[in-house]
Every structure is written in structure tokens, then in C-alpha cells.
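Written below as C-alpha cells is the structure these notes are about.
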Amino acid sequence: MYMAIAVELVPTREKRDDYKVWYLEIDTQGRVVGIGVKSKKELIASLFENYRQTGTSSWRAFKKGEEHSSPIE
136 MYMAIAVELV
146 PTREKRDDYK
156 VWYLEIDTQG
166 RVVGIGVKSK
176 KELIASLFEN
186 YRQTGTSSWR
196 AFKKGEEHSS
206 PIE
């Protein structure tokens, strides 16, 4: 599973919808086994690949003001 932990915006006005997502990679035991960063394009590709292989998202994030994470869909 992947847990999005931060979003880094690109500082230029031309690319306002472009960003990087910092994430934790979590194993089935709930332990952090890696940390990484993906571009918006890479994140979307990863989501589609997860859906294609498993039918579900392996990405989760905390919505603003919420205490529990939810799947990124």
C-alpha cells in the first residue's frame, strides 16, 4: 500500500496543476518499507495499473481535517 503524505506544488504559473506527491510504502504488516516521490503523471499511471491488476486502489491519503485515510480513486 502507498500512503500519500505531502504534495509539493510546482512554483510556476504555467504548471499550476502539476505537482509531486511524497509517499510512504507500507507492507502488509503495516510497517513502512520505503519513501518516495511521484509526479502527478506517475501517480495516475500507478493508480490505473493497480486498478488493472487488482480492481482496487493501493493508494490512500488523509483528506483535510479528517482523522482516517481514504482510498485515492
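In our numbering, the protein residues as written are 136 to 208.
Don't be surprised by glycine CBs; every beta carbon is placed ideally from N, CA and C.
* Reducing DSSP to helix, strand and coil, say where E201 ends up. => coil
* Is it true that the CB of R195 sits closer than 8 Å to the CB of M138? -> yes
* Quick one: is V156 buried, meaning 16 or more other Cβ sit within 10 Å of its Cβ, or exposed? -> buried
* Identify which residue in P146, S204, E208 and A141 has its Cα closest to the Cα of I170. => A141
* Residues near K173 by beta carbon distance below 8 Å, same chain, minus five either side -> K155, V156, Y158 and S181
* Please list, in chain order, all residues of the same chain as V168 whose beta carbon is under 8 Å from its beta carbon, the five residues on each side excluded. => E160, I161 and D162
* Decide if L144 is buried, meaning its Cβ has at least 16 other Cβ atoms within 10 Å, or exposed. => exposed
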